[in-house]
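**Student:** Mind having a look at this structure? Questions to follow.
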Amino acid sequence: MGEESIEFLVKELKSRKNRNVYKIFDDYCDKFELDAAELEQLLISKYDAFRCDSCERFYSIKEYFVAEGECIFCTDNESEEDS
Ligand SMILES: [Zn+2]
């Protein structure tokens, strides 16, 4: 697993053009025989890529609430529904 290929992966995961980024993530795990949980930890700690399970996308820390486990767009939607 080279640095270059994982940086390419992060770009793909964060791209608004890609609709099914979980598939890209899973394919990458299969290709390089990585554990999904380990890859996710690596993305968080080294590549500023956080997974939002609500909209199934990856975000940088600026667009993500770690405590909520969701991106800022999903938490916005929820607070609007509450009020
Ligand atoms: Zn989200």
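For what it's worth, my numbering labels the leading residue of the sequence shown as 201, then goes sequentially.
Virtual Cβ for every residue (Gly too), placed ideally from N, Cα, C.
What's the gap between the Cα of L234 and the Cα of D276?
**Tutor:** 33 Å
**Student:** To the nearest angstrom, how far is it from the Cα of D226 to the Cα of C274?
**Tutor:** A direct Cα-to-Cα measurement between D226 and C274 gives close to 23 Å.
**Student:** Considering only their Cβ atoms, is the gap separating I272 from L242 smaller than 9 Å?
**Tutor:** Between L242 and I272, the C-beta spacing is not below 9 Å.
**Student:** Classify E268 as helix, strand or coil using the three-state DSSP reduction.
**Tutor:** coil
**Student:** Taking DSSP as the reference, what is the three-state secondary structure of C252?
**Tutor:** strand
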